[in-house]
Amino acid sequence: MANTIIGFIGLGIMGKPMARNLLKAGYPLVVHNRSRAAVEELVKEGAQAAATSKEVVGQSEVLITMLPVSPDVELVYTGENGVFAGAKSGMLLIDMSSISPVAARKLAAEADKRGCDMLDAPVSGGEAGAIGATLSIMIGGKASAVERATPIFQALGKIIVHVGDAGAGQVTKAANQMVVGTTIAIVSEALVLAAKAGVDPAKVRQALLGGFAQSKILEAHGQKMLDRNFKPGFRIRLHEKDMKIALATGSEYGVPLMVTGVVGQMMTAMKGMGNGDLDHAGLVRFVEELAKTELIQKP
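What follows is the structure, given as C-alpha cells:
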C-alpha cells in the first residue's frame, strides 16, 4: 500500500503536517495548494507538485483533500479544473475537511456516478495531532473503501473509527466541535471567575484537573489561556464555521442545540472584533472583556 500514489490538496495548518507524515510513511505524494510556499516546502522533502486539482488526480490513485470550508471543498471537486474533471473510475477520494454532512453526501453521490469511492473523514486533534500523527479520524462511507484507506489513516492518526455511511463522519465531527467549543467556553468562564474573585486561576486549574472537571481542554487549552498563547492551532473563525454546521444539522433533525448556539455567538463576536484568527483558546479574551479582568494581571 505504501507504493500507492497519493494526491493531497490543501496544505494549511493541518494539511501540511499530514502530507509530511504520508511522505515519512513512504507514500509517493502529489501536492497542490493555493499558496506556493507550502508546496515548495514539501517538494524539497520529496513530493511532486501539480498546478491544478485536475492534474493532482490525473497523477494519483488516492486523493486526500484538507480544506477550510464547504464551498472550498465543493469548488475543488466540481470546478472546471477540479477533482471530478480528472478522476478516474476506481479512484478512492477522501475528504478530511470539516464540512456540512449534506455537502459530504452530495459529493459522495457524485463520486459514485463516476465509479469512485468517496469517504468523509474529518479529524480531531489539532495541529499537534497532525504533526504527531495522533489524530482521531471519524469516517463516513462504504466499509470496503474504509478498509482500502485504513493503512493511509494509520499513517495519520491513532483512533480510526468507521461511524457509518456517507456524511456520518461529518455528523460526528459536528458533535466533536460542539463538545470542544462549549468546553473551551466554560473553562474560560471558570478561570476568569477565579481571577475576578481574587483566586489564582492557575491553582484553580490545577485543582480541577484532579476531579470530575478534568478534561483535555482544561489541561491543554486552560494552560494556553494562562500562558496567553493564542497562536492558532485551530482558528476561532473555523470553529465558528463548525458550530454553524452543527446548528444547521440540529435544525434539520429537530434537535435543539441551545448551548452550542450561545457559544457559537461568542465565536461570532470574537470574529467581529477582529480576533477570528486566534486559536480557539483565545475565546477566553471575550469573557475577560465582559468581566473587565484578565487571567494574568498587568503589573
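1015 is the number that the working numbering gives to position 23 of the sequence shown; each next residue is one higher, with no gaps.
Beta carbons are placed, not taken as given, at the ideal position from N, Cα and C, and that holds for glycine.
These numbers were taken from a predicted model, which means no experiment stands behind them.
DSSP-derived helix/strand/coil call for residue i
i: M1130; result: strand
i: K1165; result: helix
i: M1262; result: helix
i: I1209; result: helix
i: A1100; result: helix
i: Q1257; result: helix
i: A1182; result: helix
i: S1136; result: helix
i: L1034; result: helix
i: L1249; result: coil
Contacting residues, own chain, Cβ-Cβ under 6 Å from residue i (five flanking each side not counted)
i: L1127; result: V1115, G1117, G1121, L1148, G1149
i: R1227; result: D1269
i: G1002; result: T1057, M1058, L1059
Among the options, the one whose alpha carbon lies nearest that of residue i
i: L1084; options: L1239, D1109, V1179, M1258; result: D1109
i: N1073; options: R1106, A1043, G1202; result: A1043
i: A1240; options: A1167, G1202, G999; result: A1167
i: E1281; options: K1208, E1181, I1209; result: E1181
i: G1004; options: P1143, V1163, T1057; result: T1057
i: D1219; options: G1161, Q1051, G1038, L1287; result: L1287
i: G1107; options: V1094, E1119, F1076, A1135; result: F1076
Bridge-paired residues (DSSP) for residue i
i: H1154; result: I1131
i: M1110; result: L1085
i: G1203; result: None; G1203 has no bridge partner.
i: D1271; result: R1227
i: T1057; result: I1001, D1087
i: S1116; result: S1128
Contacts around residue i, its chain only, beta-carbon distance under 8 Å, and the 5 residues preceding and following it disregarded
i: R1277; result: F1222, M1262, N1267, L1270
i: S1052; result: I997, I998, G999, V1022, M1083
Residues of its chain near residue i, where Cβ-Cβ distance is below 7 Å and the 5 sequence neighbours each way are ignored
i: K1098; result: none
i: V1138; result: L1111, I1131, H1154
i: G1253; result: L1239
i: V1035; result: A1041
i: A1141; result: L1084, I1086, L1111
i: K1016; result: none
With contact counted as at least three CB pairs below 8 Å, one residue from each stretch, are the segment 1209 to 1217 and the segment 1248 to 1268 in contact? In short, these stretches do not touch, since the Cβ pair count stays below three.
Any chance the segment 1059 to 1067 sits against the segment 1123 to 1138, with 3 or more Cβ pairs inside 8 Å? no
Between the segment 1259 to 1279 and the segment 1220 to 1236, can you find at least three pairs of beta-carbon atoms closer than 8 Å? Contact holds: three or more Cβ-Cβ distances are below 8 Å.
Any 3 or more C-beta pairs closer than 8 Å across the segment 1149 to 1160 and the segment 1014 to 1032: no
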